[in-house]
Amino acid sequence: MEVKIGVQHAPREIVLESGLSAADVEAAVADALAGKTQLLSLTDDKGRKVLVPADRIAYVEIGEPSTRRVGFGAL
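Each number in the working numbering comes from the position in the sequence shown (counting from 1) with 260 added on.
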């Protein structure tokens, strides 16, 4: 699952590929925004952990992973 996180006062968004389902990511974001936790904590496919302060989250976009095209074949 591809997750994009916009952070306030940051010029770039955080993009990560997570093995979590869309419902799990949504639940983690909802808990952070509701004040249950102070940090949004997600782990990507490579095992790296991303921590974002809940009060700095501007937006979260949850989508399907994009397929990477390789080669010079027809589109």
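We put the CB at the ideal spot given by N, CA and C, even for glycine.
Going by C-alpha positions, alanine 294 is about 42 Å away from valine 330. Glutamate 286 sits in a helix when the DSSP states are folded into three classes.
Under the three-state reduction of DSSP, leucine 302 is assigned to strand.
Taking C-alpha positions only, glutamate 324 is separated from arginine 308 by approximately 19 Å.
Sequence-distant Cβ neighbours of valine 320 in its own chain, meaning closer than 6 Å and more than five residues away, are Ile265 and Val289. In this structure, Gln298 is the residue among Gln298, Thr303, Leu276 and Asp305 with its C-alpha nearest to the C-alpha of isoleucine 317.
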